[in-house]
Amino acid sequence: MITAVLPTYARIDLEFERGEGCWLVTTDGRRFLDFTGGIAVNVLGHAHPYLAEALSEQAKKLWHTSNLFRIPGGEKLADRIKAVTFADTMFFTNSGAEAIECAIKMARKYQFASGHPEKNRIITFEGAFHGRTLATIAAGGNAKYLEGFEPAMPGFDQVPFGDLEAARAAVTPETAAILVEPVQGEGGVRVPPSGFLKGLRDLCDEKGLLLVLDEVQSGVGRTGKLFAHEWVGVTPDIMAVAKGIGGGFPMGACLASEEAAKGMTLGTHGSTYGGNPLAMAVGNAVLDLVLADGFLDHVNAMSMRLVQRLAEVKDRHPSVITEVRGQGLLLGLRCAVPAADLVVALREEGMLAPGASDNVVRLLPPLIVSEEEVGIAVEKIEAACRRIEDRLVAAPVQGAAE
């Protein structure tokens, strides 16, 4: 019989009762170091008192009114984000997929409003993940996610990630925009080669296209800057944000320049829940802390420490880990064994980390992770490597005995 909850997830048999910073505690009292972070969502960890207070205070006053009326918290948050980004305007959503949907609509509508209705196709990249709606799985192009949902929504042309010349060759008179993740998260924590994002910016400027960045996973301090594109000095026209922006509360945003947003006029887009008072209260609280003096310095310091220690582990255990990759606290361990084996071994050591494509295990700790917790994480990763190595040694013996 089908379960009451639609069985679309292969859920791990762990039930958590509470969270404490970088730790999760199960209903039977076991503690796990959480380097999944709700999949790069819980930038301030679990049960952060400042966020809890902001949510609680708003919940006592007003939860929902709809976007038929002004929402002061949303106007405040938009002004604050505008002040620290390229954006002139933004649309608040409930998720990353919704933010990408808004970005796709905005890019097409920009070209329409500019007198080019034929420009409606978007160049995307192999290995991308942009969400699970019909439009976003088409944009991602992953056959596994598209299977059974064909025909794929038209309008997307995929090229290899990091290949600037392939992107240039893919531009046609129907191309409206280029959509790219500054760092591919689900695709295996892949950082593009030097000059790639700048090359895309130049290509867009040359051809009259919009550069759309998906910073759903890489944004809000995850790479050590507020947004990953800041590392290379590239300015997008449109940017999708989610995950960390709510610190665990479901919210996202589609940011844009005034020019890129010129087609999004009255009635062209909407959301019942997007930008609700609860989300805006939490979003403002998250921004308070992420923009505080020293916060991003801490992220970079912990990243440097973690990467250094992980490189040492890789050198000691080359039969398990072949590469340490990523940026900031969006890191990946490429494995010589199935990545799922390392995920399981880590869990056996009391640490949670998710897999990704390209046989990678991601490390996505809360950005408040301490130096002590970085040390504990490295110890657990090394112990997990030893577990796997012991099993690799024992496996032939067991086979012989059979």
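Basically this note's numbering = 1-based index in the sequence shown + 657.
Ideal placement from N, C-alpha and C gives every residue a C-beta, glycine not left out.
Starting from the Cα of residue 831, find the closest Cα among 818, 848, 775, 867 and give me that residue.
Here residue 831 is taken as the residue at index 174 of the sequence shown, counted from 1. The option with the nearest alpha carbon to residue 831 is 775.
Cβ neighbour criterion (16 or more within 10 Å) applied to residue 664:
Along the sequence shown, one-based indexing puts residue 664 at 7. So residue 664 counts as exposed.
Helix, strand or coil, according to DSSP, for residue 703 in the structure here?
Mapped onto the sequence shown, residue 703 falls at position 46. Three-state DSSP puts residue 703 in a strand.
For residue 674, report the span of its alpha helix (DSSP H) as first-last.
By one-based count along the sequence shown, residue 674 stands at place 17. Run containing residue 674: none in the alpha helix (DSSP H); it sits in the beta strand (DSSP E), 673-677.
For the putative contact between residue 896 and residue 940, defined by C-beta atoms under 8 angstroms, what is the C-beta separation to the nearest angstrom?
Position 239 of the sequence shown holds residue 896. Position 283 of the sequence shown holds residue 940. Not a contact, Cβ separation roughly 16 angstroms.
Range covered by the alpha helix (DSSP H) that runs through residue 768:
Here residue 768 refers to the residue found at position 111 when the sequence shown is read from its first residue. Run containing residue 768: 753-770, per the alpha helix (DSSP H) assignment.
In this structure, does DSSP put residue 965 in helix, strand or coil?
As a working note, residue 965 is residue 308 in the sequence shown. Note: residue 965 maps to helix in three-state DSSP.
Tell me whether the beta-carbon of residue 768 lies closer than 7 angstroms to the beta-carbon of residue 827.
Along the sequence shown, read from residue 1 onward, the residue named residue 768 stands at position 111. Along the sequence shown, read from residue 1 onward, the residue named residue 827 stands at position 170. Not a contact, by the Cβ cut-off of 7 angstroms.
Is residue 662 buried or exposed, if buried means 16 or more other CB atoms sit within 10 Å of its CB?
Residue numbering aside, residue 662 sits at position 5 when the sequence shown is read from its first letter. Exposed, since its Cβ has fewer than 16 Cβ neighbours within 10 Å.
When you compare only the Cα positions, how much space is there between residue 703 and residue 819?
Numbered from its first residue, the sequence shown carries residue 703 at position 46. Numbered from its first residue, the sequence shown carries residue 819 at position 162. Residue 703 and residue 819: Cα-Cα distance of roughly 35 angstroms.
Going by C-alpha to C-alpha distance, which of 1032, 1027, 1051, 936 sits closest to residue 720?
On the sequence shown, position 63 is the one that residue 720 refers to. The shortest Cα separation from residue 720 among 1032, 1027, 1051, 936 belongs to 936.
Output the residue ranges of the beta strand (DSSP E) runs that lie fully inside the segment 948-1027 and measure 3 residues or longer, sorted by chain position.
978-984, 987-992, 1017-1020
Backbone CA spacing between residue 925 and residue 749 [nearest angstrom]:
Stepping through the sequence shown from its first residue, residue 925 is reached at position 268. Stepping through the sequence shown from its first residue, residue 749 is reached at position 92. Rounded to the nearest angstrom, the two C-alpha atoms are 14 angstroms apart.
Residue span of the beta strand (DSSP E) that contains residue 691, given as start and end:
Along the sequence shown, read from residue 1 onward, the residue named residue 691 stands at position 34. Its beta strand (DSSP E) spans residues 688-691.
Residue 679 vs residue 1005 beta-carbon contact at 7 angstroms:
As a first step, residue 679 must be located in the sequence shown, where it is residue number 22. As a first step, residue 1005 must be located in the sequence shown, where it is residue number 348. Not in contact: residue 679 and residue 1005 (Cβ atoms no closer than 7 angstroms).
Can we say the segment 978-994 touches the segment 950-960, given the rule of at least three CB pairs closer than 8 angstroms?
yes
Give a yes or no on whether the C-beta atoms belonging to residue 1001 and residue 1010 are separated by under 7 angstroms.
The residue labelled residue 1001 in the question sits at position 344 within the sequence shown. The residue labelled residue 1010 in the question sits at position 353 within the sequence shown. No, the pair does not count as a contact, with Cβ atoms beyond the cut-off.
Contact set for residue 735: own chain, Cβ-Cβ below 6 angstroms, skip 5 residues either direction:
On the sequence shown, residue 735 is found 78 positions in, with the first residue counted as 1. Closer than 6 angstroms at the Cβ level, and outside the excluded window around residue 735, lie 747.
For residue 845, the three-state DSSP class (helix, strand or coil):
For the purposes of this step, residue 845 is taken as the residue at position 188 of the sequence shown. Looking at residue 845 - three-state DSSP - the assignment turns out to be coil, as it is neither helix nor strand.
Based on Cα-Cα distance, which residue from 919, 961, 1012 lies nearest to residue 766?
Stepping through the sequence shown from its first residue, residue 766 is reached at position 109. Minimum Cα distance to residue 766 is reached at 919.
Provide the residue span of the beta strand (DSSP E) that contains residue 913, from first to last.
Counting from 1 along the sequence shown, the entry for residue 913 is found at position 256. It spans 909-913 - the beta strand (DSSP E) in which residue 913 sits, taken as one unbroken run.
Measure the C-alpha to C-alpha separation of residue 787 and residue 754 and round it to an integer number of angstroms.
Here residue 787 refers to the residue found at position 130 of the sequence shown. Here residue 754 refers to the residue found at position 97 of the sequence shown. Each residue's alpha carbon lies about 6 angstroms from the other.
Using 10 angstroms around the beta-carbon of residue 851, count the other beta-carbons present and answer buried if the total reaches 16, otherwise exposed.
On the sequence shown, residue 851 is found 194 positions in, with the first residue counted as 1. Under this definition residue 851 is an exposed residue.
Rounded to whole angstroms, how far is the Cβ of residue 836 from the Cβ of residue 810, which I believe are closer than 8 angstroms?
The count along the sequence shown starts at 1 and reaches residue 836 at position 179. The count along the sequence shown starts at 1 and reaches residue 810 at position 153. Not confirmed; about 13 angstroms, so no contact.
Beta-carbon spacing of residue 872, residue 853 below 7 angstroms:
On the sequence shown, position 215 is the one that residue 872 refers to. On the sequence shown, position 196 is the one that residue 853 refers to. The answer is no: Cβ separation not under 7 angstroms.
Helix, strand or coil for residue 778, going by three-state DSSP, please let me know.
Position 121 of the sequence shown, counted from the first residue, corresponds to residue 778. Residue 778 falls in the strand class under three-state DSSP.
Straight-line CA distance for residue 737 to residue 692?
As a first step, residue 737 is located in the sequence shown; it is residue number 80 there, counting from the start. As a first step, residue 692 is located in the sequence shown; it is residue number 35 there, counting from the start. Straight-line Cα distance between these residues: approximately 29 angstroms.
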